[in-house]
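First up is the structure itself, then whatever we jot down about it.
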Amino acid sequence: MATPDLATKVIAGVTVVDTPIVRAAQGYARAHGDDFAFNHVMRSWILGVVIYQKLHEQGVLPQMDLEAHAISAVFHDLGWDCTGELVSQDKRFEVDGAEAARNWIQEEQRSGRAEHWDHHRTQLVWDAIALHTTGTIALYKETVVKVCAFGIRADIRGPNFDKGGTISWDVFNAVNEMFPRLDLADGIRRVICGFCRTKPETTYGQYIPFLVLLVCS
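Last residue of the sequence shown? That's 216 in numbering that gives the first Met the number 0, and every number before it is there in order.
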């Protein structure tokens with residue numbers, strides 16, 4: 000579990016964790032993400048925090064490792080790396096992202112900047128990223144993993160995705176004003192279609208139905 004009394008800041012009216020490793024993760028995601036992708040992961044993080052806060056207050060979810068969730072959400076699309084450095088030719092993009100996140104955390108540990116991070120926390124991040132498109136598994140995992148998936152789904156599908164009403168339109172619009180969508184659907188189409196060309200065996204069966212959903216949305 001994360002250390003207590005973590006520093007925080009407010010983004011779009013939402014209180015989020017603001018520690019050196021979380022700030023460093025945002026910088027790394029910014030360096031490896033197109034504008035639309037970076038804005039998407041930031042929105043997913045913030046919306047996930049809103050969902051967690053509501054469900055935790057209701058007693059639905061237990062206490063969560065806020066740093067692990069932040070890094071999971073901010074890194075969940077490292078497998079889309081616009082520089083190409085983190086993209087393999089033989090693995091699904093979620094696995095590329097999970098591997099890149101684990102390597103980054105381990106480097107932070109070696110440098111002394113992640114002294115509170117252990118194998119369990121790193122594994123939570125790996126699982127959250129690797130499973131973020133597989134809701135039928137992620138929703139039965141630890142709170143960090145499921146909340147990461149909740150936030151991503153909320154960003155893609157909007158407040159109506161959750162019949163429980165954990166995300167209001169006012170919150171959703173405020174987060175989108177801070178991090179504009181920049182034609183998210185078209186950006187995802189470009190990325191996935193690119194993977195269909197460069198590593199089809201990891202892509203076609205998993206994402207063509209998702210692309211059809213985006214085209215029809």
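Virtual Cβ for every residue (Gly too), placed ideally from N, Cα, C.
Q: Kindly indicate the opening and closing residues of the alpha helix (DSSP H) around residue 135.
A: Numbered from its first residue, the sequence shown carries residue 135 at position 136. Where residue 135 is concerned, the enclosing alpha helix (DSSP H) stretches over 134–137.
Q. Would you call residue 216 buried or exposed, if buried means 16 or more other Cβ atoms sit within 10 Å of its Cβ?
A. Within the sequence shown, residue 216 is the residue found at index 217, counting from 1. Any reading at residue 216 must be qualified, since the residue scores a pLDDT of 45, below 50, and its modelled position is unreliable; the value itself is stated next. Looking at its Cβ environment, which holds fewer than 16 other Cβ atoms inside 10 Å, residue 216 is exposed.
Q.
Can you tell me whether residue 83 is buried or exposed? The criterion is at least 16 other CB atoms within 10 Å of its CB, across all chains shown.
A. Walking along the sequence shown from the start, residue 83 turns up at place 84. Result: exposed.
Q) Would you call residue 154 buried or exposed, if buried means 16 or more other Cβ atoms sit within 10 Å of its Cβ? A) On the sequence shown, position 155 is the one that residue 154 refers to. Under this definition residue 154 is a buried residue.
Q) Any idea if residue 80 is buried or exposed, counting beta-carbon neighbours within 10 angstroms, 16 or more meaning buried? A) Counting from one through the sequence shown, the residue named residue 80 turns up at place 81. The residue is buried, with at least 16 neighbouring Cβ atoms inside 10 Å.
(Q) Can you list, in chain order, the residues of its chain with a C-beta nearer than 8 Å to that of residue 88? Leave out the 5 residues immediately preceding and following it. (A) Translated into positions along the sequence shown, residue 88 becomes position 89. Answer for residue 88: 197, 198, listed in chain order.
Q. Under three-state DSSP, which class holds residue 53?
A. As a position in the sequence shown, residue 53 is number 54, starting the count at 1. In this structure, residue 53 counts as helix in the three-state DSSP scheme.
Q.
Here's the rule: buried if 16 or more other CB atoms are within 10 angstroms of the residue's CB, otherwise exposed. What is residue 114?
A. As a working note, residue 114 is residue 115 in the sequence shown. Its Cβ having fewer than 16 others within 10 Å, residue 114 is exposed.
(Q) I'd like the span of the alpha helix (DSSP H) that includes residue 187, first residue to last. (A) Working through the sequence shown from its first residue, we reach residue 187 at position 188. Per DSSP, residue 187 belongs to the alpha helix (DSSP H) from 183–197.
(Q) Spatial neighbours of residue 94 within its chain, please: C-beta separation below 6 Å, excluding the five flanking residues on both sides. (A) Against the sequence shown, residue 94 aligns to sequence position 95. Same-chain partners within the cutoff: 129.
Q.
What does the alpha-carbon distance come out to for the pair residue 180 and residue 174?
A. As a working mapping, residue 180 is identified with position 181 in the sequence shown. As a working mapping, residue 174 is identified with position 175 in the sequence shown. Cα to Cα, the separation comes out at about 10 Å.
**Q.** Start-to-end residues for the alpha helix (DSSP H) that takes in residue 70
**A.** Within the sequence shown, the letter at position 71 stands for residue 70. 65–74 is the span of the alpha helix (DSSP H), which, as asked, contains residue 70.
Q. If you draw a straight line from the C-alpha of residue 112 to the C-alpha of residue 92, how long is it?
A. One-based indexing of the sequence shown puts residue 112 at position 113. One-based indexing of the sequence shown puts residue 92 at position 93. Taking the straight line joining both Cα atoms gives about 27 Å.
Q | C-alpha gap between residue 59 and residue 22, whole angstroms | A | Within the sequence shown, numbered from 1, the residue matching residue 59 stands at position 60. Within the sequence shown, numbered from 1, the residue matching residue 22 stands at position 23. Rounded to whole angstroms, residue 59 to residue 22 spans 29 Å at the Cα level.
**Q.** Distance between residue 178 and residue 7 (C-alpha atoms, nearest Å)
**A.** Residue 7 sits at position 8 when you count from the first residue of the sequence shown. Residue 178 sits at position 179 when you count from the first residue of the sequence shown. Rounded to whole angstroms, residue 7 to residue 178 spans 19 Å at the Cα level.
(Q) Any beta carbon of chain B sitting closer than 9 Å to that of residue 9? (A) In the structure shown, chain B cannot be found, because there is only a single protein chain.
Q. Are the beta-carbon atoms of residue 26 and residue 77 separated by less than 9 Å?
A. Indexing the sequence shown from 1 puts residue 26 at position 27. Indexing the sequence shown from 1 puts residue 77 at position 78. Contact flag unset, no.
Q. Which residue from 145, 125, 57 puts its Cα closest to that of residue 46?
A. Translated into the one-based positions of the sequence shown, residue 46 becomes position 47. When each option's Cα is compared against that of residue 46, the closest is 145.
Q) On the three-state DSSP scale, how would you describe residue 145? A) Stepping through the sequence shown from its first residue, residue 145 is reached at position 146. Residue state, collapsed to three classes: helix.
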